[in-house]
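Okay, so here's the structure we're looking at.
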Amino acid sequence: MASAELQGKYQKLAQEYSKLRAQNQVLKKGVVDEQANSAALKEQLKMKEQSLRKLQQEMDSLTFRNLQLAKRVELLQDELALSEPRGKKNKKSGESSSQLSQEQKSVFDEDLQKKIEENERLHIQFFEADEQHKHVEAELRSRLATLETEAAQHQAVVDGLTRKYMETIEKLQNDKAKLEVKSQTLEKEAKECRLRTEECQLQLKNLHEDLSEYSQYNALNVPLHNRRHQLKMRDIAGQALAFVQDLVTALLNFHTYTEQRIQIFPVDSAIDTVSPLNQKFSQYLHENASYVRPLEEGMLHLFESITEDTVTVLETTVKLKTFSEHLTSYICFLRKILPYQLKSLEEECESSLCTSALRARNLELSQDMKKMTAVFEKLQTYIALLALPSTEPDGLLRTNYSSVLTNVGAALHGFHDVMKDISKHYSQKATIEHELPTATQKLITTNDCILSSVVALTNGAGKIASFFSNNLDYFIASLSYGSKAASGFISPLSAECMLQNKKKAAAYMKSLRKPLLESVPYEEALANRRILLSSTESREGLAQQVQQSLEKISKLEQEKEHWMLEAQLAKIKLEKENQRIADKLKNTGSAQLVGLAQENAAVSNAAGQDEATAKAVLEPIQSTSVIGTLTRTSDSEVPDVESREDLIKNHYMARIVELTSQLQLADSKSVHFYAECRALSKRLALAEKSKEALTEEMKLASQNISRLQDELTTTKRSYEDQLSMMSDHLCSMNETLSKQREEIDTLKMSSKGNSKKNKSR
Numbered sequence: 001m002a003s004a005e006l007q008g009k010y011q012k013l014a015q016e017y018s019k020l021r022a023q024n025q026v027l028k029k030g031v032v033d034e035q036a037n038s039a040a041l042k043e044q045l046k047m048k049e050q051s052l053r054k055l056q057q058e059m060d061s062l063t064f065r066n067l068q069l070a071k072r073v074e075l076l077q078d079e080l081a082l083s084e085p086r087g088k089k090n091k092k093s094g095e096s097s098s099q100l101s102q103e104q105k106s107v108f109d110e111d112l113q114k115k116i117e118e119n120e121r122l123h124i125q126f127f128e129a130d131e132q133h134k135h136v137e138a139e140l141r142s143r144l145a146t147l148e149t150e151a152a153q154h155q156a157v158v159d160g161l162t163r164k165y166m167e168t169i170e171k172l173q174n175d176k177a178k179l180e181v182k183s184q185t186l187e188k189e190a191k192e193c194r195l196r197t198e199e200c201q202l203q204l205k206n207l208h209e210d211l212s213e214y215s216q217y218n219a220l221n222v223p224l225h226n227r228r229h230q231l232k233m234r235d236i237a238g239q240a241l242a243f244v245q246d247l248v249t250a251l252l253n254f255h256t257y258t259e260q261r262i263q264i265f266p267v268d269s270a271i272d273t274v275s276p277l278n279q280k281f282s283q284y285l286h287e288n289a290s291y292v293r294p295l296e297e298g299m300l301h302l303f304e305s306i307t308e309d310t311v312t313v314l315e316t317t318v319k320l321k322t323f324s325e326h327l328t329s330y331i332c333f334l335r336k337i338l339p340y341q342l343k344s345l346e347e348e349c350e351s352s353l354c355t356s357a358l359r360a361r362n363l364e365l366s367q368d369m370k371k372m373t374a375v376f377e378k379l380q381t382y383i384a385l386l387a388l389p390s391t392e393p394d395g396l397l398r399t400n401y402s403s404v405l406t407n408v409g410a411a412l413h414g415f416h417d418v419m420k421d422i423s424k425h426y427s428q429k430a431t432i433e434h435e436l437p438t439a440t441q442k443l444i445t446t447n448d449c450i451l452s453s454v455v456a457l458t459n460g461a462g463k464i465a466s467f468f469s470n471n472l473d474y475f476i477a478s479l480s481y482g483s484k485a486a487s488g489f490i491s492p493l494s495a496e497c498m499l500q501n502k503k504k505a506a507a508y509m510k511s512l513r514k515p516l517l518e519s520v521p522y523e524e525a526l527a528n529r530r531i532l533l534s535s536t537e538s539r540e541g542l543a544q545q546v547q548q549s550l551e552k553i554s555k556l557e558q559e560k561e562h563w564m565l566e567a568q569l570a571k572i573k574l575e576k577e578n579q580r581i582a583d584k585l586k587n588t589g590s591a592q593l594v595g596l597a598q599e600n601a602a603v604s605n606a607a608g609q610d611e612a613t614a615k616a617v618l619e620p621i622q623s624t625s626v627i628g629t630l631t632r633t634s635d636s637e638v639p640d641v642e643s644r645e646d647l648i649k650n651h652y653m654a655r656i657v658e659l660t661s662q663l664q665l666a667d668s669k670s671v672h673f674y675a676e677c678r679a680l681s682k683r684l685a686l687a688e689k690s691k692e693a694l695t696e697e698m699k700l701a702s703q704n705i706s707r708l709q710d711e712l713t714t715t716k717r718s719y720e721d722q723l724s725m726m727s728d729h730l731c732s733m734n735e736t737l738s739k740q741r742e743e744i745d746t747l748k749m750s751s752k753g754n755s756k757k758n759k760s761r
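Set out below in structure tokens:
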């Protein structure tokens, strides 16, 4: 423990020392750069001063030249003033001299004007240069002041760092002395550790030798759970299932439409008798579903067997054998129908309707059908080899299965090529047959259907071939879960025992997970949250149900008032009618009793009981219907109209009450179901959101795990490097100690020799 603390302290001091050293280098570099910048600025300042001096000298020369020109102008003006009076006196005699003086004056004026303009331009340039020089000089001086202050600050920092550096050096020297004292104890511990490691290595070597002798027991070891591998295998199996379903649908359509075509070409079964060969061929084709459907079922069972909890390799895919058997039965079906198919094409060629071009297409199709059967046989052979490790692992070496998978991919590409040829040749045949004068709409439609199924087969074969080629490397890399050095596969019993051991290990790990008692478990919290949400949903649903019920109650009350008014009106009409009938009965005789009874029944009975009332005159009859049981009397008994009307009215009122109660019950149930469905939909949405959040958390956790593994490997490597450095340091210290001991021994020997000499003297 003390050595670990010293080592940690030493590492911290070393890190601080390296940081201070790096900071010192950076600061030194910054100071040097600032000094270089200040030197460059000083050089620029010198150059600007030199240019300013040059401009000053030019300005002085220009002012001197201007003074000379001004004096010359004054002289010329004086001469002009003297020449003007002379010219007035001697105008006649000096015309030529006046012309000369005028020309000289114009020349002098032009020269003077040019010099004045040049002088102004030079004055402007000098002023601009002077202003620019002052501006640059001020900027440089301010920059120089800032750089000097920064240089002073950097120098102060450097001085502080050097002081701190010296202090750390002293501390490190003290720690080094302490470490040298403890190095001897560490050497002893290191020797003991070396001895222990040698013993452990020998034991490990012996254990490896013992385990290598029992490879069968090693097969029972549970491999590492690779969830990503299982998810990818399930995804691949799902894609393969979709492709096989498309192929199965296309094969069913192809065989079914081929059967329909035999019945209409070259002889239509509705008009003439089909040949015995085609009848037998049609009978066999009618059985295609019993051979094609199992392919989809076998692939579905294979997909369902690949779950996240299993280990999917060739030894554990037991359902692949079932799929191989279904494929074998389908190939037997293809072999059975192939001769009839070829003979049927020959019979079409012998028909009088067959042209030479159509005969050529039929010959090409017969060759294509042979190739298609051969390709399926080849594919079935390799799939049967892939199913061997789950039943007979000694049937073929594991090294040969890479070539088996490669051949499966080649067979699938061959199947795609054959289907392309069939599609091309059949489309050509269909176009030729459509041009025949005897081609019916039924034949054209059937040919189009067959062609569409062939195109679907071609597309499906191309998709599954490219899919298998893209995943070929992954299939080869994940053949077996056994050791890579082994040549064969693990036995199926060992693989099954391995899966059982894996389930037991998973159950044991699950039993070890105990929830914390202080907090609420996660599942219980989720359940409480769902209950809370469902209660809020049910409250909302009940509120809506109450509102709807109130609306329905108001509507029903309005309808009740309406029907009560109607019933009162009907009652008044009934009383009037009864009064009218009673008056008629009093006035008329017994001969008119039958007609009156029929009229009374037609008015009172809304359900159509006319025939029953007509028969009720002669003898009493009981009539059972929806209305109830009514009794008709003979002409000796007078019918009780009021009691019959009361019975009918009571029956309809009871029926209305029953129907309204049923309607209300159905409405309440529907509202309740609607509220439950809404709550379930919201729960489903929340569950989806929680699922997405959990997937994101799982991704982050996997990333953290990978990052922690990388950090663990790096820390392990750094610790090993530090241990090697410490060992090297200890070795160097041992060498120095041995040298010092040798020097001490030599000094002792020399001191002993000197003492002996002194004694002898």
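The sequence shown begins at 1 in the numbering used here and counts up one residue at a time. Each residue gets a CB set at the ideal place from its N, CA and C atoms; glycine is no exception. Computed from a predicted structure; not experimentally measured.
{"Item": "Ranges of the alpha helix (DSSP H) found wholly within the stretch 395-438, counting only runs of at least 4", "Value": "401-434"}
{"Item": "LYS615 in three-state terms, based on DSSP", "Value": "In this prediction, LYS615 scores a pLDDT of 36, lower than 50, which makes its location untrustworthy; the coordinate-derived value is nonetheless stated afterwards. Residue state, collapsed to three classes: helix."}
{"Item": "Collapsed DSSP secondary structure at GLY30 in the structure displayed", "Value": "helix"}
{"Item": "Local conformation of TYR522 per DSSP, three classes", "Value": "helix"}
{"Item": "Minimum C-alpha distance to TRP563 - residue among TYR652, ASN578, LYS502 and ASN587", "Value": "TYR652"}
{"Item": "Closest by C-alpha distance to LEU320, when choosing among VAL73, ALA237, LEU338 and LEU247", "Value": "ALA237"}
{"Item": "PHE489, DSSP secondary structure in three states", "Value": "coil"}
{"Item": "Nearest candidate by alpha-carbon position, reference GLN441, set ILE264, HIS135 and TYR217", "Value": "ILE264"}
{"Item": "Distance between beta carbons of ILE476 and SER390, contact taken as under 8 Å", "Value": "SER390 to ILE476, Cβ: 17 Å. No contact."}
{"Item": "Buried or exposed by the 16-neighbour rule on C-beta atoms within 10 Å, applied to PHE489", "Value": "buried"}
{"Item": "Cα-Cα separation between GLN283 and SER290, rounded to whole angstroms", "Value": "13 Å"}
{"Item": "CB of GLU245 within 7 Å of CB of LEU327, strictly", "Value": "According to the sequence as given, residue 245 is Gln; it is not Glu. For GLN245 and LEU327, no; Cβs fall outside 7 Å."}
{"Item": "Own chain, CB closer than 6 Å to LYS429, minus 5 neighbours either side, in chain order", "Value": "ARG361"}
{"Item": "Run of the alpha helix (DSSP H) containing CYS354, from where it starts to where it stops", "Value": "No alpha helix (DSSP H) holds CYS354; DSSP gives it neither H nor E."}
{"Item": "Buried or exposed by the 16-neighbour rule on C-beta atoms within 10 Å, applied to ARG228", "Value": "exposed"}
{"Item": "Given GLU392 as reference, the closest of TYR17, SER494 and ASN470 once Cα atoms are compared", "Value": "SER494"}
{"Item": "MET166 Cβ short of 6 Å to the ligand PLP heavy atom set", "Value": "As presented, the structure is devoid of all ligands, the ligand PLP included, so that no description of it is given."}
{"Item": "Cβ-Cβ separation, SER329 to ILE383 (assumed contact under 8 Å), whole Å", "Value": "Actually they do not touch by this definition, with Cβ atoms about 13 Å apart."}
{"Item": "Assigned exposure category for THR770 - 16 Cβ within 10 Å defines buried", "Value": "As displayed, the chain neither begins before 1 nor continues past 761, which places residue 770 out of reach and without an answer."}
{"Item": "Sequence-distant residues of the same chain with beta carbon closer than 7 Å to HIS301, five excluded per side", "Value": "LYS319 and THR322"}
{"Item": "Beta-carbon proximity list for VAL626, same chain, < 6 Å, skipping 5 on both sides", "Value": "Residue confidence for VAL626 is low, a pLDDT of 37 falling below 50, so the modelled location carries little weight and cannot support an answer."}
{"Item": "Whether MET369 touches GLN341 by CB criterion (7 Å)", "Value": "yes"}
{"Item": "Pairwise C-alpha distance: GLY462 and THR431", "Value": "25 Å"}
{"Item": "Test item: CB-CB of LEU314 and LEU479 under 7 Å", "Value": "yes"}
{"Item": "Contacts around LYS191, its chain only, beta-carbon distance under 7 Å, and the 5 residues preceding and following it disregarded", "Value": "none"}
{"Item": "Expected contact under 8 Å - CB spacing of ALA506 and ASP309 to nearest Å", "Value": "7 Å"}
{"Item": "Nearest-angstrom Cα separation, counted from TYR17 out to GLU167", "Value": "10 Å"}
{"Item": "Straight-line gap, THR149 to ALA36 (C-alpha atoms, nearest Å)", "Value": "15 Å"}
{"Item": "Environment of MET698 [buried if 16+ CB atoms lie within 10 Å]", "Value": "exposed"}
{"Item": "For PRO294, three-class secondary structure by DSSP", "Value": "helix"}
{"Item": "Beta-carbon gap between VAL222 and ASN501 smaller than 7 Å", "Value": "yes"}
{"Item": "Given HIS255 as reference, the closest of ILE337, LEU295, LEU186 and ARG196 once Cα atoms are compared", "Value": "ILE337"}
{"Item": "Short Cβ contact (7 Å threshold) for ASN24 with LEU161", "Value": "yes"}
{"Item": "ARG655 classed as buried or exposed, judged by whether at least 16 other C-beta atoms fall within 10 angstroms", "Value": "exposed"}
{"Item": "HIS133 - DSSP class collapsed to helix/strand/coil", "Value": "helix"}
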